[in-house]
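All remarks here apply to the structure that follows.
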Amino acid sequence: MSEGLTPRRALAEEREAIELDLLEMVNKAVAMFNLSVRGLHTVDRELAREALAADDEIDRLELEIEERCLDVLALQQPMGSDLREIGTVLKIITDIERVGDLSVDVAKITLKIDKLMGRADFVDLPKLSSVVTRMLSESAQMFSRKSADGLELIAQLEDEVDDMYREFRSQTHEFMQAHPEDMVVASWMLLALHHIERVADHALNIAERVFFMVTGEMRQIVPDDLDRG
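According to this note's numbering, the sequence shown holds residues 14 to 242 in order.
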C-alpha cells in the first residue's frame with residue numbers, strides 16, 4: 014500500500030494501474046495479430062518474425078498483471094464489484110495471452126508456406142482480420158468504459174467471422190482441387206484460418222467477461238439471443 018493513502022484509495026490506484034496494463038496488453042496483442050495475418054497474406058517472413066518476437070512482451074505483461082492482481086487479492090481483500098473486476102482481469106489476460114499464442118501459430122505457418130514457395134492470397138485474409146480486429150478493439154473499449162453495451166455487436170461480428178471462415182474454407186478446398194501441387198500449402202492455410210477464427214472466439218469471451226464484471230450476470234451469446242434481439 015502506498016504511504017499516506019487510505020486502503021480504499023490505495024485499492025483504487027492499484028485497480029487503475031492494472032486497467033492500464035491490461036489495455037496495453039490488448040493493444041500489443043492486436044498489433045501482433047495484425048502483423049501475423051499481414052505476414053501470412055503476403056507470405057512475408059520478416060513480418061512473421063516480427064510477430065514472433067512480439068510474443069515475449071505479451072507473456073511479460075500477463076505475468077505482471079497476474080502478480081498485481083494476486084497482490085491485491087492477498088493484501089487488500091477486495092469485495093463486491095472490486096473483487097469481480099480483479100477476477101475478471103485474471104480471466105481476460107488468459108484470453109489475450111491465447112490471442113498472442115494463436116498469432117504465433119499463424120506466423121509459424123507463414124514461415125512454412127514461405128519455405129514451400131507458396132502463396133496465401135487466394136482468400137481475403139485482410140477482410141477477415143479487419144472484423145476480428147474490430148471485435149478485439151470493441152471488447153477492450155467495453156472494459157475501458159466499464160460498460161455492458163457492445164456485447165451484442167461483438168456477437169454479431171463473431172457471426173460474420175464464422176460466415177467468412179466457412180466461405181474461406183470452401184475457397185481453400187476449391188484451390189486444392191485446382192492446384193493439387195499446392196495441397197500442402199492449402200492445408201496449412203486451413204489451419205491458419207482456424208487459428209484466426211479462434212482469435213474471434215477469445216474476443217467474444219472478453220466481451221462476455223466484461224458484461225459479467227459490470228452487471229454481475231453471466232451471459233453467453235448464442236445465435237438464438239440475436240434472433241430474439
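Where a beta carbon is used, it is the ideal one built from N, C-alpha and C, also for glycine.
Because the structure is a prediction, the values reported are computed rather than measured.
Q: Count the other CB atoms, across all protein chains shown, that sit within 10 Å of the CB of Ala19; report buried if there are 16 or more and exposed otherwise.
A: According to the sequence as given, residue 19 is Thr; it is not Ala. The residue is exposed, with fewer than 16 neighbouring Cβ atoms inside 10 Å.
Q) In this structure, does DSSP put Gln190 in helix, strand or coil? A) helix
Q: Evaluate Arg128 with the Cβ neighbour count: other Cβ atoms within 10 Å of its Cβ, from every protein chain shown; 16 or more gives buried, anything less gives exposed.
A: Inspection of the sequence shows that residue 128 is occupied by Lys rather than by Arg. Exposed, by the Cβ-count rule.
Q) Which one of Met38, Arg51, Val212 has the shortest CA to CA distance from Asp69? A) Met38
(Q) Please report the straight-line C-alpha distance between Ala191 and Glu77, rounded to a whole angstrom. (A) 49 Å
Q. In angstroms, rounded to a whole number, what distance separates the CA positions of Ala25 and Ala61?
A. 39 Å
Q: State the CB to CB distance for the pair Phe67 and Met45, rounded to an integer number of angstroms; the pair is presumed to be in contact (CB under 8 Å).
A: Checking the sequence, you will find Ala at residue 67 rather than Phe. Between Met45 and Ala67 the Cβ distance is about 4 Å, and since that is below 8 Å, they are a contact.
Q. Which word fits Met92, buried or exposed, when buried means at least 16 other C-beta atoms lie within 10 angstroms of its C-beta?
A. exposed
Q.
Using 8 Å as the cut-off, can you tell me whether the segment 196-211 makes contact with the segment 112-131, which would need three or more C-beta pairs spanning the two stretches below that distance?
A. yes
Q: Check Asp233 in the structure and name its three-state DSSP category.
A: Position check: residue 233 holds Gln in this sequence, whereas Asp was assumed. Coil at Gln233, not helix or strand.
(Q) Tell me which residues share the same chain as Pro139 and place their Cβ nearer than 7 Å to its Cβ, disregarding the 5 neighbours each side in the sequence. (A) His54
Q) Could you give the C-beta distance for Val144 and Glu173, rounded to a whole number, given that I count them as a contact under 8 Å? A) 5 Å
Q: Could you pull out every residue in the same chain whose Cβ sits closer than 8 Å to the Cβ of Met196, ignoring the five residues on either side in sequence?
A: Met189
Q. How do the segment 219-232 and the segment 96-115 stand: do at least 3 beta-carbon pairs fall below 8 Å, yes or no?
A. yes
Q. Can you tell me whether DSSP reads Met130 as helix, strand or coil?
A. coil
Q.
Tell me which residues share the same chain as Phe156 and place their Cβ nearer than 6 Å to its Cβ, disregarding the 5 neighbours each side in the sequence.
A. Val223
Q. With respect to the alpha helix (DSSP H) encompassing Lys41, which residues constitute its N-terminal and C-terminal limits?
A. 20-55
Q | Which of helix, strand or coil DSSP assigns to Lys159 | A | coil
(Q) So, for Val43: in the same chain, excluding its five sequence neighbours on each side, which residues have a beta-carbon less than 7 Å away from its beta-carbon? (A) Thr146, Leu149, Ser150
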